[in-house]
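Take a look at the structure below.
Number of protein chains: 2
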Amino acid sequence: MLDQESTDTEALIIEAAKKVFFRKGYDGARLQEIADESGIGRTALHYYFRSKEKLFSTVMKDFFSETERRVTQFDPCEVPIVERMRNFASSYMKSALRNPEFDLFMLNEFNNNPDFIAEVLLKTIPVNMHEHFIVPIEEAVRKGELKGDPHQIFITLLSVCMFPFTGMAMIKKMLKFSDEAYMDLLRQREAFILSFLETAFKA
Amino acid sequence: MLDQESTDTEALIIEAAKKVFFRKGYDGARLQEIADESGIGRTALHYYFRSKEKLFSTVMKDFFSETERRVTQFDPCEVPIVERMRNFASSYMKSALRNPEFDLFMLNEFNNNPDFIAEVLLKTIPVNMHEHFIVPIEEAVRKGELKGDPHQIFITLLSVCMFPFTGMAMIKKMLKFSDEAYMDLLRQREAFILSFLETAFKA
DNA sequence: TAACTGTTTGACATTTTTGTCGAACACAAA
DNA sequence: TTTGTGTTCGACAAAAATGTCAAACAGTTA
């Protein structure tokens, strides 16, 4: 068969695997389900990607090398920290909306296999969070522009961005949101966060 | 053997199972590991609790009927909403510190089996979040005491409390925290949140 | 001590999931 | 049509995890 079609099948499998892995986690994912989702036989999975682990590894690398990153580029150091935090939140929310199930998956991977996921992640986003966020926040606190412990501020920034995705299932159930209604809420959240950041840490 | 000892073994197993389930999730948990952690044979698990599912179910019910709830009591409606939010955050942080691994586990359960976990949870904490938080926040926004969409405000409250626990592994890795240093940060977070709540949503 | 009860253990069975292999297949080029 | 290459499929093997059972065991009571 043509090389083209082969690549297509591979891509098809990777897409299907991505969905299933993100939904169920590595342990919960079943090769059979991935096969069904791709519309191919389970044996073909082994033909293209030797084993579950190799498939997983490929999926992860593919995911991070795609445009699917939470933040594609970080501001240079000249940009004031408060603006940088805003941009981070904006990029994050926009990206996460395209893959709402990824965040919880990622937290689990950090729990189960921190080294692997950290390596894959840092390979594509080689940003030192400490230098890039903590240090500048410290400085802003010293100057009296922000108030509070720098780590706590940064963690709060992460919290308000990520949690609505990681906690999606729980919040929907608790507040009786439909899938569509909750997606709407997520879409509106960027604006909420930006306005929230105006006052949240102001000294 | 005495009934006393039997109960002790059961309790021992439940404690061990709790640890393993919270760390690994239902899918990731292995009966062998639970047996090892309890210091008993794997077959004895089946003697006490027929199956993995039954054991899990018992663990969950036990956990929620214990004092291990995130918020043991909610304020009556007379208490002003802002103060209620503060109390919620305080209780939550204190409780979560005793079981830091539970939160991520719970989010996963909500993902995998929302009905089961919601039922168990609501059986012990029969609080309607909408009535208890959303409606009063709406009112406060109308009165001009708070600003922003009520749902977004409530989700933000949840975020700043829960995320530091659910995202523990990720944050530790990202910011190069040691286990002890991160526990310290968590202990200091209650105070941070309380001061943060003073300004975050003020109109 | 003998009979009884609840507990533990090891050997085995079952189920679930993953992995392998060779035959069949489709299609293109010789 | 034959040969070759890459792909698919079904049957089967292996591994991993859960579940069952009867025999041994440890105490308690008659």
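Protein chains in written order, with full-length UniProt numbering: chain A, 1 to 203; chain B, 1 to 203.
By construction, the Cβ of each residue, glycine as well, lies at the ideal position given by its N, Cα and C atoms.
Quick caveat: nothing in here was measured; it's all calculated off a predicted structure.
Just to confirm my understanding: we take Leu12 of chain A, look at its own chain, exclude 5 residues before and 5 after, and list those with CB closer than 7 angstroms. What are they?
Excluding sequence neighbours, Leu12 of chain A sits near Ser38.
Give, in chain order, every residue of the segment 166–183 of chain B whose Cβ lies closer than 9 angstroms to some Cβ of chain A.
Per Cβ criterion, the list reads Thr166, Gly167, Met168, Ala169, Met170, Ile171, Lys172, Lys173, Met174, Leu175, Lys176 and Phe177.
Taking the alpha-carbon of Leu185 of chain B as reference, which of B:Phe196, B:Leu197, B:Lys172 and B:Ser195 has the nearest alpha-carbon?
Among B:Phe196, B:Leu197, B:Lys172 and B:Ser195, the Cα nearest to that of Leu185 of chain B belongs to B:Lys172.
For Cys161 of chain A and Lys61 of chain B, I'd like the C-alpha separation in whole angstroms.
Cys161 of chain A and Lys61 of chain B: Cα-Cα distance of roughly 32 angstroms.
Taking the alpha carbon of Gln73 of chain A as the reference point, which residue from A:Leu194, A:Phe116 and A:Asn128 has its own alpha carbon closest?
Answer by Cα proximity: A:Asn128.
Excluding the five sequence neighbours on either side, which residues of its own chain have a C-beta within less than 7 angstroms of the C-beta of Asp8 of chain A, listed in chain order?
Around Asp8 of chain A: no qualifying Cβ.
According to DSSP, which residues form a beta bridge with Lys147 of chain A?
According to DSSP, which records beta bridges pairwise, Lys147 of chain A is partnered with nothing at all.
Secondary structure at Lys202 of chain A, three-state DSSP: helix, strand or coil?
In this structure, Lys202 of chain A counts as strand in the three-state DSSP scheme.
State the Cα-Cα distance for the pair Glu190 of chain B and Arg50 of chain A, rounded to the nearest angstrom.
Using only the alpha carbons, I get a separation of about 48 angstroms.
Here's the rule: buried if 16 or more other CB atoms are within 10 angstroms of the residue's CB, otherwise exposed. What is Asp103 of chain A?
When all chains shown are included, Asp103 of chain A counts as buried.
So Arg142 of chain A contacts chain B; which residues on that side make the cut at Cβ distance below 7 angstroms?
Neighbours of Arg142 of chain A on chain B: none; closest Cβ ~18 angstroms, over 7 angstroms.
For the putative contact between Ile137 of chain A and Leu146 of chain A, defined by C-beta atoms under 8 angstroms, what is the C-beta separation to the nearest angstrom?
Indeed, because the Cβ distance is near 6 angstroms, the residues count as touching under 8 angstroms.
Let me confirm a value: Met1 of chain B is counted as buried when at least 16 other C-beta atoms fall within 10 Å, else exposed. Which label applies?
For Met1 of chain B, the predicted structure reports a pLDDT of 41, less than 50, and the residue's modelled location is therefore unreliable. The matter cannot be settled from this model.
Cα separation between Phe56 of chain A and Tyr26 of chain A?
Phe56 of chain A and Tyr26 of chain A: Cα-Cα distance of roughly 8 angstroms.
Spell out whether any CB of chain A is found under 9 angstroms from the CB atom of Asp149 of chain B.
It does; some Cβ of chain A falls within 9 angstroms.
Just checking my contact of Ala96 of chain B with Asn111 of chain A at CB under 8 angstroms: how many whole Å lie between their CB atoms?
The pair is not a contact, with the Cβ atoms about 16 angstroms apart (cut-off 8 angstroms).
Unbroken alpha helix (DSSP H) runs of length 4 or more, entirely within the segment 71–121 of chain B: which are they?
Correct list: 81–98 and 102–112.
What do you get for Gln32 of chain B, buried or exposed, if any count of 16 or more other CB atoms within 10 angstroms of its CB means buried?
Gln32 of chain B should be labelled exposed.
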